[in-house]
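Every letter in the sequence shown is one number past the one before it in the working numbering, and letter 111, counting from 1, is 111.
Structure, as structure tokens:
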Amino acid sequence: MTVPSPYGWIQKTKNSMALDPINVNNDLPLGKLQEEVHEWIAAHGVRYFSELTNMAQLTEEVGEVARIIARRYGEQSEKESDKSKDLGEELSDVLFVLLCLSNQTGTDLQAAFDKKMNVKRECDHDRHQNNEKLK
Ligand SMILES: [Mg+2]
């Protein structure tokens with residue numbers, strides 16, 4: 001059964017696409033989150049939106065975070081209608097789409113994050129310590 005997608009040219013084929021398992025270590029925090037999102041997609045989302053759609057959604061969600069930060073912590077005034085917006089919810093929206101993109105591109109986010117942190121520990125060890133602007 002094909003249902004029209006609200007995203008135009010993308011057609012969702014309901015119940016015809018079993019998701020391949022993802023290759024992550026779910027004993028580690030980010031692997032566990034990747035698996036949780038994958039299970040949710042399989043159970044409720046039918047399939048992942050395309051990478052391009054999710055990239056656009058990631059940008060949209062980052063924009064929602066930016067709006068809260070600019071108005072609540074920055075110099076923009078916060079409108080009454082924005083005051084109930086939950087920063088944690090919007091950050092979670094960013095994380096959710098990021099996890100979707102990781103899953104659908106075969107990225108082991110925990111391994112990538114660990115690698116990045118090692119680089120930051122080794123290469124950036126003195127960089128911020130020597131930054132006069134931070135003093
Ligand atoms: Mg949002």
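C-beta atoms are modelled at their ideal positions from N, C-alpha and C, and glycine is treated no differently.
Values in this document were obtained by computation on a predicted structure and should not be read as measured data.
Taken through DSSP and simplified to helix, strand or coil, Q129 comes out as coil. Neighbourhood of ligand 1, defined by CB distance below 7 Å to any of its heavy atoms: E61, E64, E89, E90, D93, in chain order. H128 and R121 have their alpha carbons spaced roughly 11 Å apart. Approximately 18 Å separates the beta-carbon atoms of V62 and V37; this is outside 8 Å, ruling out the contact.
Taken in chain order, the region 19 to 88 contains no complete beta strand (DSSP E) segment of 3 residues or longer. Counting along the chain, no alpha helix (DSSP H) covers K135, and no H or E run does either.
By the neighbour-count criterion, in which 16 or more other beta carbons inside 10 Å mark a residue as buried, I69 falls on the exposed side.
If the five residues before and after A42 are omitted, its C-beta is found closer than 7 Å to the C-beta atoms of L19, all from its own chain and listed in chain order.
The Cβ-Cβ distance between N54 and L101 falls below 8 Å. In terms of Cβ geometry, E64 and R72 do not form a close pair [threshold 8 Å].
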